Amino acid sequence: MPLATTSMMDRLVLWLGRSPTLGFAISRVAFCAAATWQVGAILGNEADFAEVSLLLKSGIWIWAAISIAQHSLTPPFGLLLRPLFLILDLIIFLTVIALCEPLQIAALGCLFFVAWSASDRFGRGAIVVIVACLMFTFMARGYYEGWSSARHLAGTDRAVDSLTVLIGCVIAASILSMSILEQRLISWTERLQGVGLSFQKSLEQFIIEQVSQLMAARYCAFLWEDADEDAVHCVLGDADGVRHLTLPQKQVDSLLGVTPREAPFLYATHSSRLLLRNRLGILRHERSADLADAVLDVFGAGQGSSFYVQAGELRGRLFVGTSHGWSPALLLRSLRIQEGIDLFLERHFFFLAWRERTFVEARQALSRDLHDSVLQTLAALRVRLVTTIHGLSTAADAPEQLAELKSMEELVTAEQAHLRRLLSEHKTSSESSVDLVREVERCCRFIALQWAIDCRLNLTERSMIVSAETAAEVEYLIREVAANAVKHAGARHITVSIAKVDEEILIALKDNPGPRAPARESYTGDFELQSQSLTKRLTKIGGTAYFHNLSMNSLISIRLPSSLPRSPI
48 MPLATTSMMD RLVLWLGRSP TLGFAISRVA FCAAATWQVG AILGNEADFA
98 EVSLLLKSGI WIWAAISIAQ HSLTPPFGLL LRPLFLILDL IIFLTVIALC
148 EPLQIAALGC LFFVAWSASD RFGRGAIVVI VACLMFTFMA RGYYEGWSSA
198 RHLAGTDRAV DSLTVLIGCV IAASILSMSI LEQRLISWTE RLQGVGLSFQ
248 KSLEQFIIEQ VSQLMAARYC AFLWEDADED AVHCVLGDAD GVRHLTLPQK
298 QVDSLLGVTP REAPFLYATH SSRLLLRNRL GILRHERSAD LADAVLDVFG
348 AGQGSSFYVQ AGELRGRLFV GTSHGWSPAL LLRSLRIQEG IDLFLERHFF
398 FLAWRERTFV EARQALSRDL HDSVLQTLAA LRVRLVTTIH GLSTAADAPE
448 QLAELKSMEE LVTAEQAHLR RLLSEHKTSS ESSVDLVREV ERCCRFIALQ
498 WAIDCRLNLT ERSMIVSAET AAEVEYLIRE VAANAVKHAG ARHITVSIAK
548 VDEEILIALK DNPGPRAPAR ESYTGDFELQ SQSLTKRLTK IGGTAYFHNL
598 SMNSLISIRL PSSLPRSPI
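The working numbering numbers the first residue of the sequence shown as 48 and each following residue consecutively.
See the structure below:
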C-alpha cells in the first residue's frame with residue numbers, strides 16, 4: 048500500500064476516536080439507507096401508500112442532513128440545539144428498536160453514538176439515563192405489535208444486514224481508535240517526563256514540536272511571560288518552521304486575557320465565541336471578539352484549541368490549530384495535554400535547579416579548598432620572611448633589603464586578612480550593604496603595598512552605600528586594572544576616582560609612568576580594552592570600559608550598574 052494511502056487510513060481511524068461526530072455521521076447515513084429500503088419493503092408498491100412512503104423517505108434523509116449539519120453550528124446556537132437533537136435521536140432510535148425488528152441492531156449501534164455524544168455533553172450520568180430508557184423500551188415490547196413487512200425481499204434483507212455490519216465496524220473502529228489515542232497520550236506523557244534536561248533545542252521550541260506532533264496541528268504557538276524582563280514572548284511553529292514573533296501589546300492582551308485563565312477553550316476565527324468548561328465542569332460559551340481578531344491576524348483563519356501552562360516562574364498559553372470542530376472531547380484532550388506539559392515543566396525546572404545547585408556546591412567546595420591552600424602557603428611564606436628579617440636585623444649593611452622584606456611581610460599579612468574576610472563574608476547574607484568609598488580606600492592602600500607604588504583615591508563623595516557583591520566586583524576591577532598598569536605600562540602612580548550617578552557607578556583610573564616607562568604611541572585616542580580578563584568580567588556583570596591614550600599618561604574609564612548579580616563561584 049502506498050505511504051500516502053496508509054497515512055490517510057491512519058488519520059481516518061484516529062479521527063473516529065477523537066470525537067463521535069464522524070462515526071455518528073457514517074452510522075447515521077448507513078442507518079438512513081437501511082431505513083429507506085425497509086420503508087419500501089413495509090409499504091410495498093401499493094399506490095395508496097406511495098405518498099406516505101415518499102414522505103417517510105424524505106423525512107429520513109432530511110433528518111440525517113440536519114443532524115449532521117448541526118455540528119457545524121457555532122456557540123451559543125450549537126450548545127442550545129445539540130441537546131434537542133440528542134433527545135430527538137434518542138426518541139427515534141428507541142422507537143425503531145420498539146417497532147421495527149429488522150432495524151433493531153442498526154438502531155442499537157446508532158444508540159451507542161448517542162450515548163457517547165451525550166456523555167461528552169452532559170457527563171457520564173447521561174449514559175445511565177439512556178440505558179434506563181432502553182430497558183424500559185424492551186420491557187414494554189410485550190404490550191404492542193411491531194411493524195411487519197408486506198413481503199420479505201432477499202435484496203433488502205441483505206442490504207440491511209450489510210449496513211448493520213458497517214455500523215458495527217464503525218463502532219469497533221471508534222473503540223479501537225479511542226484506545227489507540229489514549230495509549231498514545233499516555234506514552235507521550237511518560238516519554239515527555241523522561242526527557243528531563245536532555246534536549247538540544249530551546250525549551251519553547253521543544254514544547255511546540257512535541258504538541259504539534261501529538262495533535263497533528265497546522266500551527267502551534269507558545270506565548271509566555273518573562274517576569275525578569277516584564278515582557279511577553281511568542282514563538283510560532285508551522286509549515287515554515289519555528290520562529291519568534293513580536294506582537295503589539297493589544298494583541299498580547301487579547302490572546303492572554305481569557306478568563307478563567309486555567310481553563311482550556313476552543314476557538315474559531317469565524318465566530319466571536321469560545322467553548323470552554325467552567326470550574327464545575329459545565330460547558331459554556333464566552334464572548335471574545337478581540338481574541339478571534341487577534342488569532343486571525345497572527346495565526347490565520349481556522350479553528351483551534353488553547354490551554355494554559357504554569358510551572359515555577361513560567362506563565363504562558365499554547366494555541367494549537369486543529370480541525371476537530373466544537374467537540375467537548377477535544378477540551379478533555381487539551382486538559383490532559385496541559386497536565387502533561389505542566390508536569391514536564393515542573394520536572395524540568397526541578398532538575399535544572401538541582402543541577403545548578405550541585406554545580407554551585409562543587410564550586411564552593413573547590414573555592415574553600417583553594418582558599419585554604421592559599422592561606423597555608425601565605426602562612427608558610429610569612430614564617431620564612433619573619434625568620435629572614437630576624438636574621439638580617441643584626442646586619443648593619445642591609446637596610447634596604449630589610450625594608451623590602453618587611454614590606455613583603457606586611458603584604459602577606461594583608462592578603463591573609465583579605466582572604467579570611469572573603470571567606471567570612473561568603474557565609475553572611477547577600478543582602479548586606481557596605482560603604483563603597485571605605486572599601487575602595489582600603490583597596491588603594493592594599494594596591495600600594497602590593498606593587499610598591501603610589502595609589503590614591505580621589506574622593507568625589509563622602510559615602511556610597513551599595514551591596515557587598517557590588518563592592519567586591521568594584522574591588523576586583525580596580526585591582527585588575529592596577530596590575531595591568533604596573534606590569535604593562537610601568538605605572539608608578541595611580542589615581543582612582545569613583546562616583547555614583549543615578550543607577551550607575553563610574554570609575555576612572557589614571558596612571559603616571561615612572562622614569563623607565565615603556566615607549567608610547569605618538570598619537571592619542573580612545574580604544575577598547577585589550578585585557579581579556581577585564582572584558583570577561585565586565586561582560587558578565589553588564590559593564591563597559593574604554594582605554595584613553597593621553598599625551599603623558601593613560602586613563603581607563605569604567606561604567607557598571609550599581610546592582611550587580613554576583614557569580615555563585
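The beta-carbon is built from N, C-alpha and C at its ideal position, and this holds for glycine as well. Computed from a predicted structure; not experimentally measured.
Which residues does DSSP list as the beta-bridge partners of Asp273? According to DSSP, which records beta bridges pairwise, Asp273 is partnered with Ala278.
Whose CA, out of Leu365, Val258 and Ala536, lies closest to the CA of Arg238? It is Val258 whose Cα lies nearest to the Cα of Arg238.
To which residues of the same chain is Ser580 closer than 7 angstroms at the C-beta, ignoring the five residues directly before and after it? Cβ within range, chain order: Glu527.
State the beta-bridge partners of Lys547 as determined by DSSP. DSSP, once it has assigned bridges, lists Ile552 as partnering Lys547.
By a C-beta neighbour count over all protein chains shown, 10 Å radius and 16 as the cutoff for buried, is Thr203 buried or exposed? Buried, by the Cβ-count rule.
Closer than 8 angstroms is the cut-off here; do at least three beta carbon pairs connect the stretch 332-343 with the stretch 376-384? Remark: fewer than three beta-carbon pairs, one from each stretch, lie closer than 8 angstroms, so the stretch 332-343 and the stretch 376-384 are not flagged as touching.
Between the alpha carbons of Phe493 and Val242, how many angstroms are there, rounded? Roughly 52 angstroms separates the two Cα atoms.
Coarse secondary structure for Tyr523, derived from DSSP in three states: Look at Tyr523 here: in three-state DSSP terms it is helix.
Look at the alpha carbon of Val356 and the alpha carbon of Gly363, and state the distance between them as a whole number of angstroms. Spanning the two alpha carbons is a distance of roughly 5 angstroms.
Reduced DSSP category for Pro608 - H, G, I as helix; E, B as strand; rest coil: When secondary structure is reduced to three states using DSSP, Pro608 falls in the strand class.
Report the residue from Ala538, Leu506 and Thr507 whose alpha carbon sits nearest the alpha carbon of Ala495. Comparing Cα-Cα distances from Ala495 to each of Ala538, Leu506 and Thr507, the minimum goes to Ala538.
Which same chain residues end up closer than 7 angstroms to Ser609 when comparing Cβ atoms and leaving out the 5 residues on each side of it in sequence? Only Val513, Thr517, Lys547, Glu550, Glu551 and Ile552 meet the Cβ criterion.
Enumerate in chain order the residues of its own chain whose CB-to-CB distance from Ile174 is below 6 angstroms, with the five nearest sequence positions on each side excluded. For Ile174, the CB contacts under 6 angstroms within the same chain, skipping 5 residues up- and downstream, are Ala162 and Ser166 in chain order.
Continuous beta strand (DSSP E) stretch holding Gly288: start and end: First-last of the beta strand (DSSP E) with Gly288: Gly288 to Leu292.
Where does Val481 sit, in a helix, a strand or coil, going by DSSP? It is a strand residue.
Limits of the unbroken beta strand (DSSP E) element including Leu103: Note, Leu103: premise wrong, no beta strand (DSSP E); alpha helix (DSSP H) at Ala97 to Ala116.
Let me know if Thr68 comes out buried or exposed under the rule of 16 or more other beta-carbons within 10 Å of its beta-carbon. Classification for Thr68: buried.
To which residues of the same chain is Leu50 closer than 6 angstroms at the C-beta, ignoring the five residues directly before and after it? A caution first: Leu50 carries a pLDDT of 41, below 50, which makes its placement in the model unreliable, though a value can still be read off. Its chain contains no residue whose beta carbon lies nearer than 6 angstroms to that of Leu50 once the 5 sequence neighbours on both sides are disregarded.
Ordered along the chain, which non-local residues of its own chain (more than five positions away) have a Cβ less than 7 angstroms from that of Arg383? By the criterion of a C-beta distance shorter than 7 angstroms, Arg383 is surrounded in its chain by Leu232, once the five residues flanking it on both sides are discounted.
Along the chain, which unbroken stretches of the beta strand (DSSP E) at least 3 residues long are found entirely within the stretch 354-384? As far as the stretch 354-384 is concerned, its whole beta strand (DSSP E) runs of at least 3 residues are 361-369.
Does the Cβ of Met182 have 16 or more other Cβ atoms within 10 Å, making it buried, or fewer, making it exposed? Result: exposed.
Can you say whether Glu486 is buried or exposed, counting buried as having 16 or more other CB atoms within 10 angstroms of its CB? By the 10 Å Cβ count, Glu486 comes out buried.
For the putative contact between Leu155 and Ile144, defined by C-beta atoms under 8 angstroms, what is the C-beta separation to the nearest angstrom? Contact holds; Cβ gap of about 6 angstroms.
Whole angstroms are fine: how far does the CA of Ser601 sit from the CA of Phe594? Distance from the CA of Phe594 to the CA of Ser601, rounded to the nearest whole angstrom, comes to 7 angstroms.
Can the beta-carbon of Ala400 be found less than 8 angstroms from the beta-carbon of Ser454? With respect to the 8 angstroms criterion, Ala400 and Ser454 are not classified as neighbours on the basis of their beta carbons.
In the DSSP output, which residue or residues are listed as bridge partners for His332? His332 is bridged to Leu322.
What residue does the beta strand (DSSP E) around Val119 start on, and which one ends it? Rather than Val, the amino acid found at residue 119 in this sequence is Ser. Element bounds for Ser119: n/a, residue is neither H nor E.
I need the straight-line Cα distance from Phe391 to Asp482, nearest angstrom please. Taking the straight line joining both Cα atoms gives about 45 angstroms.
With a CB to CB cut of under 6 angstroms and the five nearest residues on each side skipped, what residues in its chain are close to Val299? Correct list, in chain order: Val279.
Look at the alpha carbon of Glu386 and the alpha carbon of Ala187, and state the distance between them as a whole number of angstroms. Pairing Glu386 with Ala187, the inter-Cα distance amounts to about 47 angstroms.
Per the contact definition of three or more C-beta pairs closer than 8 angstroms, is the stretch 120-140 in contact with the stretch 303-318? Enough Cβ pairs lie closer than 8 angstroms, so yes.
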